[in-house]
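Numbering (the working numbering), first residue to last: 189 to 326.
Below you can see the structure in the form of structure tokens.
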């Protein structure tokens, strides 16, 4: 990410516009997670769907960073929402974690793991994600 971005913050996805913006991002990414729509809706309704946003800095405002392709297309409640999310259980177990392919290898997934204090994963891990989980010490 650019050096003039503000702090990355965790937030619970509670606004329907943000939820559907992320679903659109899943479709755009041609992610297989789109097949888990029912699970994602349930986790959203239960307050267990979390995302990341970047706090706006003066430099971002000056250069109109809201149109930066890294961020989700205009989401009215979270202007600098990043294209990623995580569902987590009350026992700090991650069920689903996703980062759009255009935003991978920037530390967003590990930031979600760290900020949510995740200690476990549920279910099988996706093929190709082994290095990520190893880097997260899981």
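The beta carbon of each residue, even a glycine, is placed where N, CA and C say it ideally should be.
So for residue 293, helix, strand or coil by DSSP? Taking the chain shown and counting its residues from 1, the one referred to as residue 293 is at position 105. Coil at residue 293, not helix or strand.
Less than 8 Å between the beta carbons of residue 236 and residue 277, yes or no? Residue 236 sits at position 48 when you count from the first residue of the chain shown. Residue 277 sits at position 89 when you count from the first residue of the chain shown. Their beta carbons are under 8 Å apart, which means residue 236 touches residue 277 by this criterion.
In the DSSP assignment, what are the bridge partners of residue 274? Taking the chain shown and counting its residues from 1, the one referred to as residue 274 is at position 86. Residue 274 pairs with 238, 285.
Between the Cα of residue 241 and the Cα atoms of 233, 303, 308, which residue gives the shortest distance? Residue mapping note: residue 241 aligns to position 53 of the chain shown, counting from 1. Minimum Cα-Cα distance from residue 241 among the listed residues 233, 303, 308 corresponds to 303.
Just reading off the alpha helix (DSSP H) that residue 228 is part of, what are its end residues? Indexing the chain shown from 1 puts residue 228 at position 40. Its alpha helix (DSSP H) spans residues 225-233.
According to DSSP, is residue 199 helix, strand or coil? As a first step, residue 199 is located in the chain shown; it is residue number 11 there, counting from the start. In the structure shown, residue 199 sits in a strand (DSSP, three-state: E or B).
Which of the three DSSP states, helix, strand or coil, is assigned to residue 299? Walking along the chain shown from the start, residue 299 turns up at place 111. Residue state, collapsed to three classes: helix.
Start and end residues, alpha helix (DSSP H) containing residue 248: Here residue 248 refers to the residue found at position 60 when the chain shown is read from its first residue. Here the alpha helix (DSSP H) through residue 248 covers 246-250.
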